[in-house]
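Heads up, the thing below is written out as structure tokens.
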Amino acid sequence: MNKKQKTIAAVFVAILAALIVWAVESVPVPPEQKAVQPANKIMKYTGGNTLSEERDGVKIWEITAETMDMNVETQDAECTNITGKFYQEDGNVVEATAPHGTYEAASKNLKLDGGVQANTTKGAALESSTLKWDAADSVLIADGKAKVSNGDMEASGDRLESSDGFEVFKAIGHAHIMKGKAQ
């Protein structure tokens, strides 16, 4: 190999080296990716949507809400302007209204809140801050200045619990029961 060929080979190697360095250095760096927290997937429903629970083919309760936001993954729901019915084994039905409520699908518990008004088909009237359905114990729980009246009986307490539509109930905390006419 003569001097001219060596020079051409050296220039060729230098150009090849420069191309390799340029190719490696000019590869774009991907932008730094930020960890994205998966957002809860919420379905929004409006206009009279209904949730209900059944056991052995018997409806336990049902609520209808003006708006309902349901988590697609957990099936939990948050509702506004609710009307609901809680069905008792003896045919008594507790009909309740509340401005807000939540449903937990895992426990099947339902909570109406924001000031609950309820009436039963057997003539009882109930007022409380919240009304909860405890699915595990099959009991309705009225919390927060709870008051029930039926005929000439009035009862109040911090909490009222009943498994039969407030025909028979337990008053807890600052309990007061009055039967007959006050004098």
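In this note's numbering, the protein residues as written are 883 to 1065.
From the three backbone atoms N, C-alpha and C, an ideal C-beta is built for every residue, glycine too.
Bear in mind that the values here come from a model prediction, so they are computed numbers and not experimental data.
So the candidates are the options; which of them puts its Cα closest to the Cα of residue i?
i       : options                            : result
GLU971  : PHE1048, ALA959, GLU907            : PHE1048
PHE968  : MET1060, ASP1019, ILE942           : ILE942
GLY973  : SER1045, ASN991, PHE894, THR889    : SER1045
LEU992  : SER1020, LYS1004, PHE894           : SER1020
CYS961  : LYS926, ALA1024, GLY1005, PRO912   : LYS926
LEU1008 : ALA1017, ILE1023, ALA1018, ASP1016 : ILE1023
GLU1043 : GLN887, GLU907, GLY1055, GLY1033   : GLY1055
ALA947  : GLY930, VAL940, GLY939, VAL954     : GLY930
To the nearest angstrom, how far is the alpha carbon of residue i from that of residue j?
i       : j       : result
THR979  : ALA1053 : 21 Å
ALA1057 : THR928  : 39 Å
ALA896  : PRO910  : 24 Å
LEU879  : GLY997  : With the chain covering 883 to 1065 only, the question about residue 879 has no answer from this structure.
GLY1062 : MET1035 : 6 Å
GLU944  : SER1031 : 23 Å
LYS888  : GLN915  : 49 Å
ILE902  : GLN957  : 56 Å
PRO912  : TRP1015 : 53 Å
LYS885  : ALA899  : 21 Å
Excluding five sequence neighbours on each side, which residues of the same chain lie with their C-beta closer than 7 Å to the C-beta of residue i?
i       : result
LYS1027 : SER1010, SER1011
LEU994  : ILE964, GLY966, ALA978, ALA980, GLY983, THR1012, LEU1013
GLN1065 : Only weak support exists for where GLN1065 lies, its pLDDT of 47 falling under 50; the value from the coordinates is given anyway. Once the five neighbours on either side are set aside, GLN1065 has no close Cβ partner at all.
ALA987  : THR956, GLN957, ASP958
What residues in its chain sit with their C-beta under 6 Å from that of residue i, if we drop five residues either side in the sequence?
i       : result
ALA959  : MET950, MET952, TYR985
LYS1029 : GLU1009, SER1038
VAL976  : PHE968, ALA1000, THR1002, GLY1047
DSSP puts residue i in a beta bridge; with which residues?
i       : result
ASP1025 : THR1012, ARG1041
GLN999  : THR979, GLU1009
ASN1078 : A question about residue 1078 goes unanswered here, because the residues of the chain that appear run from 883 up to 1065.
GLU935  : TRP943
LYS1052 : GLU1043
SER1031 : ALA1007, GLU1036
Grab me the residues of residue i's own chain with a C-beta within less than 8 Å of its C-beta, minus the 5 sequence neighbours each way, in chain order.
i       : result
ALA891  : MET883
VAL989  : The residue asked about is misnamed: residue 989 is Ser in this sequence, not Val. Result list for SER989: ALA1017, ALA1018, in chain order.
LYS923  : ASN953, VAL954, GLU955
VAL940  : TYR969
GLY1033 : GLY1005
Runs of beta strand (DSSP E) wholly within the region 946–988 (minimum 3 residues, chain order): 959–969, 975–986
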